[in-house]
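Residue numbers (UniProt numbering), protein chains in the order written: chain G, 1 to 442; chain P, 1 to 358. No residue lacks a Cβ here, since even glycine has one placed at the ideal position from N, Cα and C. Keep in mind that this is a model prediction, so the values were computed, not measured. Here the structure is laid out as structure tokens; the discussion comes afterwards.
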Amino acid sequence: MKVRQLALVVALASAGLGMAQQALAQEKQQFFPVLTGRTGPVAPNATPWANGHNDYMKLVNARGGINGVMTLIEECETAYATDKGVECYERLKGKHGGATVFQPLSTGITFALTEKVPNDKIPMITSGYGRSDTADGGVFKWNFPLVGHYWVAGDTVLQHIAKKEGGWDKLKGKKIGVVYHDSPFGKELLPIIQERAKMHGFDILNLPVPAPGVEQKAIWLQVRQQKPDFVIMQTWGVMTPTAIKEAVATGYPREKMFGTWWSGAEPDLKDVGAAAKGYSAVMMQHGAEPQSAVVKEILDKVHAKGQGTGPKEEVGSVLYMRGVMGAMLAVEGVRAAQERFGKGKVMTGEQARWGYENLNLTQAKLDGLGFKGVMRPISTSCQDHLGANWARVHTWDGSKFTWASDWLQADDQIIRPLVKTSAEKYAGEKKLTRRAAVDCGS
Amino acid sequence: MFYRENGQFKTTYRADLQIFPILQDRIAIGLILAAAFVLVPMLSSEYMLKAILIPFLILALAAIGVNILVGYCGQISLGSGAFMSVGAYAAYNVYVRLPGVPLVLTLLLGGFFAALVGILFGIPSLRVRGLYLAVATLAAQFVCDWAFLRIGWFTNNSTSGSVSVSNLQMFGLTIETPLQKYLFCLTFLVVFALLAKNLVRSAVGREWMAIRDMDVAAAVIGIRPMYAKLSAFAVSSFVIGVAGALWGFVNLGSWEPAAFSVDRSFQLLFMVIIGGMGSIMGSFLGAAFIVVLPIVLNLALPLIGQLVGVEISTAGIEHTQVMIFGALIVWFLIVEPHGLAKLWSMAKQKLRTWPFPH
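Structure representation (structure tokens):
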């Protein structure tokens, strides 16, 4: 009996404590919820992302906040599971005065939340993942695949291959294998590859890998039999190093393997090390940027003060930088919204959404933030929630990544109709109407 | 003292056969229902409804379905996730391809197709039993996973393989707010729980239990094993299918086959085992244990950590939660192998004789 009473007292006391703390934290703070994947099948990759995101948020506070408004972060662990992610979303969306923006870092969670954010009036940034058709702001008011999505990645990686071969016409009759995660995440890449295959006459060899992707013997046996000329990998988490190890074991040349944005970071390759030399991956804008100004500032103002979220060594690595970039986009949207709704005020999710829709990050602004050489300008509009479609390809030299291509731009002529058709189909199924021109001004 | 049926005389067969023969039980159930329909909506926050109560209700419904098959008929099944997915995708196809079909009927049709698939995968149960049957039903899981991932027709040729529904309506009322969704699921659960309870008390239910206890003996006294087993598969899959359709339509809104993976099958089976096999009550307790406890642990751990002055990292919370949860499962199974429902009935027995245990 005593134990039970004690437990009750403890529970009550802790609940009271929690409330008291919430009351204290009422001063100007902009709340950025963080959905993390620090455990589960993508932990090695999602952890640096979260660390980078949080470190940049701390840096923003060290710089004086967003016009004086401090950033506040709270994590919730999803373990890359959709139902857990939805639970986390429900848990965090109303906390600390309301969530500003969500970045789920999982395509499955993005699909689920896409149905929920319009009702809750919270924007969602899905840089490089989620639904590609959400680039169409006319249908998806609350989604922002800023910087790029799977189709940008797919198109640019094919451009890179074509360039290496000496032109698109050289791809005719070639066979390109696509190793992908057998889930919406993996399948989202396929439309652009199919479109390009139709245009240039190459064949596609579909190689789906069931989740979580540690069982790939059969796939790589197929690669050995069919001998595709190139292999594109749409993989994430533990399945990327597995795929590369299998490729090494089968003797498939790494020079002919190309990862998309989520399959080309240090945790994927460092275990394989020198054997993975020659493997390339397409990067939307940033890569590993240990020399950039923002990284030096984080080391100086956050890590040097002992406030770093993760180990110092990973600062500046590929996925860490992606977290930094995600946090920067989240913060700059709020800054843009403040220009309109009042400088130095805490923005609601709805106001922040306006900021993301009217983002204008010029090169000068980016350079000022420490992203010189890391990123190119991004500007969004009511119709275009993508903002930019630039990418580069980097190659693993056995111990680190080096740039292997110049800037590549995804072909708008091909992607725009794809996005529009897909968005129209979604709107048709949901019986949604396109946003009116008046709505764009709001 | 208070919980005693002394003086409650049954004068008709009807009175003797009712579900809750003791007056106190009837009052308690009435109060619980009133609380669920009135008090909970008044007191619950949106988070409570959306993240805890709605998943709990739907999975409790699925657990009832699994319990009919596993607990009452004794046919171990690992295909429950598959039957849920059939329910969800069948309902989705009805929703997309036959506009104008009312929502409730859509969900029930989902259940109907799940029942058909359930019967199909129940056929091996006529020849194999126990663990072998579990392996045979596992095939349903893989076949369904494969079909919904690969066959474009089922997902209305969605490029990503993910499907979604919204703007749910019933009799002109929208089902959008968490409260409406909660009441919708609760109504489904109450109706199905009542049906299931009555079914297992009926002739069919007794046939199932006879088959469970010893199928040869049951066959000797004239119970047709084929009919009994397949009807258990059909009813069970129907309920699970409706739960799956609710899970997709009401809880998720957008889903992919991974929402009904083999993990879901195990989860449902554990609910039944921990809650109590052969008990409708056990299905609720098991669902509460499996669905709610991890979330409560997850919420409580940081607070407890704060209290003792330790800040637990996000990953640390997740790991601790899994460890505590696992330990609790083992502990419960050692303390009471017949499940939480048995604990509950023991408590009732003790209450009856209290304060004089002899």
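Neighbour list for residue i in chain G, Cβ cutoff strictly below 8 Å
i              : result
I295 (chain P) : E87
N167 (chain P) : K430, K431
For residue i, the three-state DSSP class (helix, strand or coil)
i                     : result
R212 (chain P)        : helix
K198 (chain G)        : helix
Q8 (chain P)          : coil
W396 (chain G)        : strand
Q307 (chain G)        : coil
K175 (chain G)        : strand
N360 (chain G)        : strand
Q22 (chain G)         : Any reading at Q22 (chain G) must be qualified, since the residue scores a pLDDT of 48, below 50, and its modelled position is unreliable; no value is offered.
R323 (chain P)        : One point to set straight first is that residue 323 (chain P) is Met, not Arg, in the sequence displayed. It is helical.
G16 (chain G)         : Note that G16 (chain G) has pLDDT 47, beneath the 50 cutoff, so the model's placement of it is unreliable and the number below is only indicative. G16 (chain G) falls in the helix class under three-state DSSP.
N156 (chain P)        : coil
T36 (chain G)         : strand
residue 361 (chain P) : This structure gives no information on residue 361 (chain P), because the portion of chain P shown stretches from 1 to 358.
D203 (chain G)        : strand
H181 (chain G)        : strand
residue 360 (chain P) : Outside the shown range of chain P (1 to 358) lies residue 360 (chain P), about which nothing can therefore be said.
Q222 (chain G)        : helix
V231 (chain G)        : strand
V42 (chain G)         : coil
Closer than 7 Å at the beta carbon, the chain P residues around residue i
i              : result
T235 (chain G) : The contacting residues do not exist; T235 (chain G) stays about 16 Å from chain P at best.
F140 (chain G) : Result: empty, since nearest Cβ-Cβ is about 12 Å, beyond 7 Å.
G306 (chain G) : Those within 7 Å of G306 (chain G) in chain P number zero; the least Cβ separation is about 14 Å.
G108 (chain G) : E256, A258
E75 (chain G)  : T314
Chain P residues whose Cβ lies nearer than 9 Å to that of residue i
i                     : result
residue 443 (chain G) : Because chain G is modelled from 1 through 442, residue 443 (chain G) falls outside the range shown and cannot be assessed.
E215 (chain G)        : By Cβ distance, chain P contributes nothing, its closest Cβ being about 13 Å from E215 (chain G), past 9 Å.
Proximity test, Cβ basis, 8 Å: residue i and chain G
i              : result
T174 (chain P) : no
Y47 (chain P)  : yes
V272 (chain P) : no
T314 (chain P) : yes
I123 (chain P) : no
E318 (chain P) : yes
A88 (chain P)  : no
L268 (chain P) : no
S160 (chain P) : yes
Y149 (chain P) : The residue asked about is misnamed: residue 149 (chain P) is Leu in this sequence, not Tyr. Judged by the 8 Å Cβ criterion, L149 (chain P) is in contact with chain G.
Residue i: contacting residues in chain G (beta-carbon distance under 9 Å)
i              : result
A51 (chain P)  : V86, E87, C88, Y89, E90, R91
A288 (chain P) : Simply none; closest approach about 16 Å.
V96 (chain P)  : E429
Test: residue i CB closer than 8 Å to a CB of chain P
i              : result
P191 (chain G) : yes
D182 (chain G) : yes
R434 (chain G) : no
T395 (chain G) : no
K187 (chain G) : yes
A211 (chain G) : yes
A23 (chain G)  : Low confidence applies to A23 (chain G): its pLDDT is 45, below 50, so where it sits in the model is not reliable, and the reading given next is rough at best. No, A23 (chain G) lies away from the interface with chain P (no Cβ there is under 8 Å from its Cβ).
A79 (chain G)  : yes
T82 (chain G)  : yes
F111 (chain G) : yes
S127 (chain G) : no
S422 (chain G) : yes
E313 (chain G) : no
8 Å Cβ cut-off: residues of chain P touching residue i
i                     : result
residue 444 (chain G) : For chain G, the structure presents residues 1 to 442; residue 444 (chain G) sits outside this window and is missing.
R38 (chain G)         : S313, T314, A315, E318
Beta-carbon separation (whole angstroms), residue i vs residue j, contact threshold 8 Å
i                     : j              : result
T82 (chain G)         : A259 (chain P) : 6 Å
I176 (chain G)        : D229 (chain G) : 7 Å
V282 (chain G)        : V393 (chain G) : 5 Å
P123 (chain G)        : R353 (chain G) : 4 Å
residue 444 (chain G) : Q30 (chain G)  : In the structure as shown, chain G begins at 1 and stops at 442. Residue 444 (chain G) is therefore absent and cannot be evaluated.
residue 516 (chain G) : V223 (chain G) : Nothing about residue 516 (chain G) can be reported from this structure: the residues present for chain G run from 1 to 442 only.
F148 (chain P)        : P294 (chain P) : The pair is not a contact, with the Cβ atoms about 26 Å apart (cut-off 8 Å).
Near the ligand ZN: residue i beta-carbon under 7 Å from a heavy atom
i             : result
A79 (chain G) : For the structure depicted, the ligand ZN is absent and the ligand set is empty, with no information on it obtainable.
Contact list for residue i against chain G, beta-carbon separation under 7 Å
i              : result
A218 (chain P) : The premise fails here: A218 (chain P) is roughly 39 Å from chain G at the closest Cβ pair, so nothing lies under 7 Å.
ask   = Can you give, in chain order, each stretch of the beta strand (DSSP E) that sits fully within the region 256-297 of chain G and has at least 3 residues?
value = 257-259, 280-283
Whole runs of the alpha helix (DSSP H) within the region 318-357 of chain G, excluding any shorter than 4 residues = 318-341, 349-357
Runs of beta strand (DSSP E) wholly within the region 64-140 of chain G (minimum 3 residues, chain order) = 70-77
request  = May I have a chain-ordered list of the beta strand (DSSP E) segments no shorter than 3 residues that lie completely inside the region 389-435 of chain G?
outcome  = 390-396, 401-403
ask   = Counting only runs that start and end within the region 11-90 of chain P, where is the alpha helix (DSSP H) found for 4 or more residues in a row?
value = Along the region 11-90 of chain P, the alpha helix (DSSP H) occurs as fully enclosed runs of 4 or more residues at 13-17, 23-34, 40-43, 54-66, listed in sequence order.
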